[in-house]
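For reference, each letter of the sequence shown is one residue, going 2 to 185 in our numbering.
The beta-carbon is built from N, C-alpha and C at its ideal position, and this holds for glycine as well.
All figures in this text were calculated on a predicted structure; none of them were measured in a lab.
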Amino acid sequence: MQARHALKKLSDAQLVILARQQLPYATTAYEELMRRHEKPLLSLCRNLCGNEADAEDAFQEVLLRVFHNLPRFRGDASFRTWVYRIAYNECMTLIRRRKDHDDMDDHPEPEAPAPAEAADDGQPSFHHLIAHLGEEDRSVLALRLISDLDFNDIATITQSGLSAVKMRYKRALEKLKPLMENLR
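Encoded structure:
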């Protein structure tokens, strides 16, 4: 218990160093890293994938990929940026697979939930609002507003230019504005 408390005081960078030394034989530092980022990563997966089951699947893949690849993590970017890049890639892969599967089955894609669909507090959730946007718009908004990443990190994660990310963010907000006004 005391060791876990001590791990909570370490920075992500310190935990990465410790986890790289421990894995695969011990997982305490890895577990603390993932516990720290679990909620925001799951939230990102929910917003990108569009449903709970796919989000859970993507998140499980993220856990596995981090576990297997952390010993090779070079630190070119922060751990946070790296793990979000993994999550983003997993979600995009899952979306593409689902789309390919739907195309092969010749079934129409499921419709996005109506903006008036309410969350627990009676207000539509952010997820329901951005579900009406395209994949790239939804990604940039989720990374910026939910995951609280700066534009440089978003550009790294999405492998886009900084100005392209800023423009996509601005345009996505413009598309979101009428949906929010309809709620009033």
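Query: Helix, strand or coil at Glu112 [DSSP, three-state]; Result: Summary for Glu112: the model assigns pLDDT 43, below 50, so the residue's position carries little reliability; its value from the coordinates is reported in the next sentence. Correct three-state label for Glu112: coil.
Query: Residue environment, Tyr26, which counts as buried when at least 16 other CB atoms sit within 10 Å; Result: exposed
Query: Meets three-Cβ-pair contact criterion under 8 Å: the segment 68-76 and the segment 16-35; Result: yes
Query: DSSP state of Tyr26 mapped onto helix, strand, coil; Result: coil
Query: For Leu8 and Leu49, the rounded distance between their alpha carbons; Result: 31 Å
Query: Met181 classed as buried or exposed, judged by whether at least 16 other C-beta atoms fall within 10 angstroms; Result: exposed
Query: Stretch-stretch touch, CB-based, cutoff 8 Å, three pairs: the segment 155-165 with the segment 83-92; Result: yes
Query: Buried versus exposed call for Met35 [16 or more other C-beta atoms within 10 Å across all chains shown]; Result: buried
Query: Beta carbon of Ala56 nearer than 7 Å to that of Arg47; Result: yes
Query: Rounded C-alpha distance that separates Ala59 from Pro179; Result: 31 Å
Query: Cα-Cα separation between Val67 and Leu24, rounded to whole angstroms; Result: 11 Å
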